[in-house]
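Below you'll find the structure, written out as structure tokens, and then a few comments.
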Amino acid sequence: MFNNTQDNQQATPQLKTDNIPAHVAIIMDGNGRWAQKRHLPRIAGHKRGMETVKTITKVASDLGVKVLTLYAFSTENWKRPHDEVSYLMGLPVKFFNDFVPDLVKNNVQVRVMGIKDQLPVQTQKAVNDAIKDTADCTGMILNFALNYGSRLDIRMAVQQIGRQVASGQLDPEQITDQTIDANLMTGFLGNLADPDLLIRTSGEERISNFLLWQIAYSELVFTDVLWPDFDRTVFEQMIMEYQQRDRRFGGIKTSK
Ligand code: IPE
Ligand code: IPE
Ligand code: MG
Numbered sequence: 001m002f003n004n005t006q007d008n009q010q011a012t013p014q015l016k017t018d019n020i021p022a023h024v025a026i027i028m029d030g031n032g033r034w035a036q037k038r039h040l041p042r043i044a045g046h047k048r049g050m051e052t053v054k055t056i057t058k059v060a061s062d063l064g065v066k067v068l069t070l071y072a073f074s075t076e077n078w079k080r081p082h083d084e085v086s087y088l089m090g091l092p093v094k095f096f097n098d099f100v101p102d103l104v105k106n107n108v109q110v111r112v113m114g115i116k117d118q119l120p121v122q123t124q125k126a127v128n129d130a131i132k133d134t135a136d137c138t139g140m141i142l143n144f145a146l147n148y149g150s151r152l153d154i155r156m157a158v159q160q161i162g163r164q165v166a167s168g169q170l171d172p173e174q175i176t177d178q179t180i181d182a183n184l185m186t187g188f189l190g191n192l193a194d195p196d197l198l199i200r201t202s203g204e205e206r207i208s209n210f211l212l213w214q215i216a217y218s219e220l221v222f223t224d225v226l227w228p229d230f231d232r233t234v235f236e237q238m239i240m241e242y243q244q245r246d247r248r249f250g251g252i253k254t255s256k
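Quick note on the UniProt record's numbering: the sequence shown kicks off at 1 and runs consecutively.
Written out as structure tokens, the structure is:
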């Protein structure tokens, strides 16, 4: 009671601006359940989820995140009903139409990883235009995983390395972790390829074929909040949880 101010400070952790995760990856989940709860069609959840992407991109960029990787569509999501898939394929067109000017204003560079040539042509065009229009931006990288699957990513890297071995360019004994890193779809991120923080919304606690190699030492943080309800406050709370973790990488605790 006498130490009220001090107690309050201890009870409310503050976001530390000097320990922001450089690479944040998010499995944006729960759009369908958000809509179902409101007796709306699932696509209403995807529409609202797109607004969350805009909000969180801005927040992440303001906080100083260097790479924000968002899982937007998995190689398994083609199993969904045709109408839902075609709505999801139209979203990048809407999203980039609305949002590229803001991205440029905020110096955010768009990248996309996944099998682009299986996407409808309008989606490919929207994605390619956004990449081109933001190519000179030097701030945060907004990296969409679109038609992405980590086993596919790993399989393609293995094939690529196999071709280099078969042609005599590469000795199998010389294959290192760095060889594999460089041949994965995150290779262009260099030393930022591995997420520091992986978030999944909606209460599911699984990876669903996302960045399997890259999350070897990521901090995993889960929330029950559905993606359309995710906001700055929840995001900052999750970063604060990350900041309380002791990342040891197999070593021992270092004094801070
Ligand atoms: C995430 O929300 C968006 C995509 C996977 C494309 P879901 O559509 O998976 O929503 P739930 O999990 O069914 O609630
Ligand atoms: C993972 O969510 C894929 C994306 C967020 C794009 P899903 O909703 O597809 O994953 P599962 O089916 O619940 O594992
Ligand atoms: Mg889901």
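C-beta atoms are modelled at their ideal positions from N, C-alpha and C, and glycine is treated no differently.
Inset, instruction - Would you identify the three-state DSSP class for Gln109, choosing helix, strand or coil? - result: strand
Inset, instruction - Starting from the N-terminal side, write out each stretch of the beta strand (DSSP E) that is 3 residues or longer and does not extend beyond the segment 43 to 85. - result: 67 to 74
Inset, instruction - Can you tell me which of the three DSSP states Arg33 falls into? - result: helix
Inset, instruction - Can you list the residues near ligand 3, meaning Cβ strictly closer than 7 Å to any non-hydrogen atom, in the order they appear in the chain? - result: Asp29, Gly30, Gly32, Ser202, Glu204
Inset, instruction - Grab me the residues of Met1's own chain with a C-beta within less than 6 Å of its C-beta, minus the 5 sequence neighbours each way, in chain order. - result: Confidence in Met1 is poor, its pLDDT being 49 and thus under 50, which makes the residue's placement too unreliable to answer from.
Legend entry - heavy atom of ligand 1 below 7 Å from Phe73 C-beta: yes
Inset, instruction - Check whether the Cβ atoms of Asp29 and Glu204 lie closer than 8 Å to each other. - result: yes
Inset, instruction - For Asn183, collect the residues of the same chain with a Cβ closer than 6 Å to its Cβ; drop the 5 residues on either side in sequence, then sort them by chain order. - result: Ala157, Gln160, Ile161
Legend entry - Residue span of the beta strand (DSSP E) that contains Ala25, given as start and end: 23 to 27
Inset, instruction - Can you tell me which of Asp102, Thr233, Asp229 puts its alpha carbon nearest to the alpha carbon of Gly32? - result: Asp229
Inset, instruction - State the start and end residues of the unbroken alpha helix (DSSP H) segment that holds Ala130. - result: 121 to 133
Inset, instruction - Would you decide whether Pro81 is buried or exposed? Buried here means 16 or more other CB atoms lie within 10 Å of its CB. - result: exposed
Inset, instruction - Round the Cβ separation of Met238 and Thr223 to the nearest angstrom and send it over; I've been treating them as touching at under 8 Å. - result: 6 Å
Inset, instruction - Return yes when the C-beta of Ile154 is under 7 Å from any heavy atom of ligand 2, and no when it is not. - result: no
Inset, instruction - With DSSP as the reference, label Val225 as helix, strand or coil. - result: coil
Inset, instruction - Return helix, strand or coil for Ile215, following the three-state DSSP convention. - result: coil
Legend entry - Ser86 CB to nearest heavy atom of ligand 2 below 7 Å: no
Legend entry - Validate contact between the segment 132 to 148 and the segment 101 to 112 using beta carbons, cut 8 Å, 3 pairs: yes
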